[in-house]
Amino acid sequence: LDKVPEYAVLNESVEATKLLCNNKSKFVNGVLRNYLRNKDTIKNRKNTLQDEYSFATWMIKLLKKQYPKEYINLMSSLNERGDTCCRINSLKYSKEDFLHKFSEFKIENLEQFQNALKIRYVSDITNSHLYKEGLLSIQDLSSQLVCEILSPRVGDTIIDLCAAPGGKSTYIAELIKDNGKIISCDVHEHKIKLIRNNIFRLGIKSIECFVNDATIVNDNFLDLADKVLLDAPCSGFGVIKKKPEIKWFKNQSDLEEIISVQKKIINIASRYVKKNGILMYTTCTLNKNENENIINNFLSNNKNFVIEEIDVTLFRDLKIENINNMITLFPSKINDGFFMCKLRKI
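Counting in our numbering, the sequence shown runs from 11 upward without gaps.
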């Protein structure tokens with residue numbers, strides 16, 4: 011290829027892009043032409059971590075400060091294309107029966123996890139009768155583990171405060187055999203419709219959906235729930251492999267506003283928990299200011315809550331950081347980066 015003229019490489023690349031995704035061809039054309047205009051400058055430029063891993067400088071500094079031994083591996087992992095996980099609808103099939111009956115599908119069993127499977131292409135499943143008939147759902151392994159660690163029981167009243175598109179709510183319903191009361195909330199009506207669509211597809215009866223702003227106290231929820239799941243809005247550092255634009259469109263100044271919201275809604279969520287009930291705080295970020303620091307701040311102002319021990323054997327061979335039962339699940343090929351902490355009201 012060294013003998014192929016640059017203009018020919020550019021032209022063929024743009025034409026190939028048109029075949030694959032025509033709406034991106036102008037973007038590819040612009041990027042390649044810009045590179046050719048500045049190639050000498052780029053070649054002579056000293057290589058940096060920002061260049062090598064394509065992370066904003068401020069984000070690299072933050073990860074290095076918080077994970078001095080792991081930050082390089084974290085960035086590398088977040089740049090890898092991950093596998094897609096899904097889960098069996100255990101209301102309709104056991105994992106063993108499902109894999110036996112539908113062995114013609116390219117589905118890999120993640121044996122060490124309760125209902126998790128791995129698929130190669132999302133479209134292979136979402137266009138299949140397996141998905142349309144509610145036999146399985148696309149859900150990241152980390153998200154599945156959150157629901158299992160919540161330890162929902164038959165008959166529980168459970169509030170899922172930031173629920174859209176409903177993956178956790180519906181999995182919780184499956185875990186309690188659709189026998190309980192799950193209140194699934196989101197601030198946006200169109201996202202509530204997504205949750206309802208999933209409920210209908212899976213044939214679940216135990217979920218009620220409400221448009222609800224998590225930053226405002228809902229008097230109807232006070233002291234109502236055996237368990238509250240708060241998957242808080244966050245910076246999303248743990249899902250960068252799925253949303254790489256986060257690396258460049260998220261600004262450091264955004265974090266203060268996010269943290270302010272997190273502090274507010276965890277305090278509101280705590281008011282919905284019955285005595286001896288559970289508040290589960292989770293995020294899909296690796297930023298400790300949104301994770302451990304939020305929990306420590308909350309506990310300093312709410313002496314009627316304590317951290318509950320998490321059974322770390324559920325993580326199997328996945329890499330975690332465990333700081334006083336505040337768990338950071340590091341990203342890998344089969345899971346997103348996630349944080350979780352289980353709090354009990356005493």
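All residues carry an ideal CB built from backbone N, CA and C; glycine is no exception.
Can you tell which of the options has the C-alpha that lies nearest to the C-alpha of residue i?
i	options	result
T292	K284, T180 and E302	E302
C95	E184, C172, K128 and V238	K128
I205	S152, S194 and S153	S194
L59	N306, A18 and M69	M69
N44	K191, G190, N334 and E16	E16
L155	K355, I337, N306 and I356	I337
F115	S100, L140 and S161	L140
S349	W258, P341 and V283	This sequence places Phe at residue 349; Ser is not what is there. Nearest C-alpha to F349: P341.
K260	K274, K251, K252 and S245	S245
Y103	S179, L42, R91 and A126	A126
P162	V221, N189 and I82	N189
Y181	S152, V197, H198 and D196	S152
L232	E184, K253, K274 and I169	I169
G144	N208, P254, K53 and K178	N208
N312	I333, L353 and T295	L353
F112	D93, S138, G92 and R91	S138
L234	Q262, I250, N332 and Y282	Y282
What residues match up with residue i in a beta bridge as DSSP calls it?
i	result
C195	F220
S342	N345
C96	L127 and I148
N119	L127
R354	I288 and V316
Quick check: what's the CA-CA separation for residue i versus residue j?
i	j	result
K285	A224	20 Å
F37	A26	13 Å
D150	Q122	15 Å
G248	D346	6 Å
I320	L289	13 Å
T51	N89	25 Å
I214	G165	15 Å
A18	Q76	46 Å
E106	N99	12 Å
L29	R211	34 Å
Q124	K13	54 Å
E80	I305	22 Å
S147	R97	5 Å
I159	T323	11 Å
K343	E62	20 Å
N297	N335	17 Å
E184	E218	14 Å
N32	N119	36 Å
F65	N54	20 Å
N222	K74	37 Å
K186	C157	At residue 186 the sequence reads Ile, which differs from the Lys that was named. Going by the C-alpha atoms only, they are around 11 Å apart.
N57	D196	44 Å
The region 221-241 touching the region 267-278, judged by at least three CB pairs closer than 8 Å: yes
Runs of alpha helix (DSSP H) lying entirely within the region 264-351, each at least 4 residues, in chain order: 302-311
Continuous beta strand (DSSP E) assignments of at least 3 residues falling wholly in the region 51-88: none
Validate contact between the region 324-331 and the region 128-146 using beta carbons, cut 8 Å, 3 pairs: no
Cβ contact (3+ pairs, closer than 8 Å) linking the region 259-278 and the region 199-216: no
Segments assigned beta strand (DSSP E), at least 3 residues, entirely inside the region 164-208: 167-170 and 191-196
Entirely enclosed alpha helix (DSSP H) segments - the region 12-46, minimum 4 residues: 16-31
Cβ contact check for the region 232-247 and the region 164-177: 3 or more pairs under 8 Å: yes
Beta strand (DSSP E) runs wholly inside the region 228-264, at least 3 long, in chain order: 235-241
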